[in-house]
Structures are given as structure tokens and as C-alpha cells.
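This report concerns only the one structure given below.
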Amino acid sequence: MIRLIQERRKSDGFEISDRIHVRWNAPAELQETIRSAAAHISDEVLAISFEYDITVAQEDNEFSVGVSLKK
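Take any residue in the sequence shown, note its place counting from 1, add 693, and you have its number in my numbering.
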């Protein structure tokens, strides 16, 4: 998840030091794992907020996780 967010940060043109808001969606079997690691993920990616959002499209990646970032 951290790698996915950092790659998205780069592709979206954010600076590595930018504080961001993260919305995410994942298959049901991954949601609890992501929630339990939310504080660590937020710290690593400098997230102001880290929220599950069913409207974020799950992406065609290794785990079908989708993320949306905003400053």
C-alpha cells in the first residue's frame, strides 16, 4: 500500500514532502489488514487523512487496491 501511494504521488505530480489526503478501496479480504496498518501507512506517506471510500475504483494491480490522493 505504501509503495502504491508513493508511486501515485509521483505520477500525480505531488512533492515527496506534500501532506496528502488518501482515500482507498480494496477487496473485502484486504480491508481489515489495511485498516490495522492505517497509522503506519499514514505516517510513512505523510497522510493528513487515510479513509476507506467504496467509490474509489479498485485498480488493475497486484492486489486490486485503488487510491485517490489530494493535497
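All C-beta atoms, glycine included, are put in the ideal place defined by N, C-alpha and C.
- Query: Closest by CA to Ser757, which one among Ser742, Trp717, Arg712 and Phe743?
  - Reply: To locate residue 757, count along the sequence shown from 1; it is residue 64. If we check each option's Cα against that of Ser757, Trp717 comes out closest.
inquiry  = Please state the DSSP three-state secondary structure of Ile713.
reply    = Looking up residue 713 in the sequence shown gives position 20. In the structure shown, Ile713 sits in a strand (DSSP, three-state: E or B).
**Prompt:** Going by C-alpha distance, which of Phe707, Phe743 and Glu737 is nearest Gln724?
**Reply:** Working through the sequence shown from its first residue, we reach residue 724 at position 31. Measuring from the Cα of Gln724, the nearest candidate turns out to be Phe743.
Worksheet item: Should Gly759 be labelled buried (16 or more other beta-carbon atoms within 10 Å of its own) or exposed?
Response: In the sequence shown, the residue the question calls residue 759 occupies position 66. Buried, since its Cβ has 16 or more Cβ neighbours within 10 Å.
Straight-line gap, Arg696 to Glu755 (C-alpha atoms, nearest Å): Residue numbering aside, residue 696 sits at position 3 when the sequence shown is read from its first letter. Residue numbering aside, residue 755 sits at position 62 when the sequence shown is read from its first letter. Between Arg696 and Glu755, the C-alpha separation is close to 12 Å.
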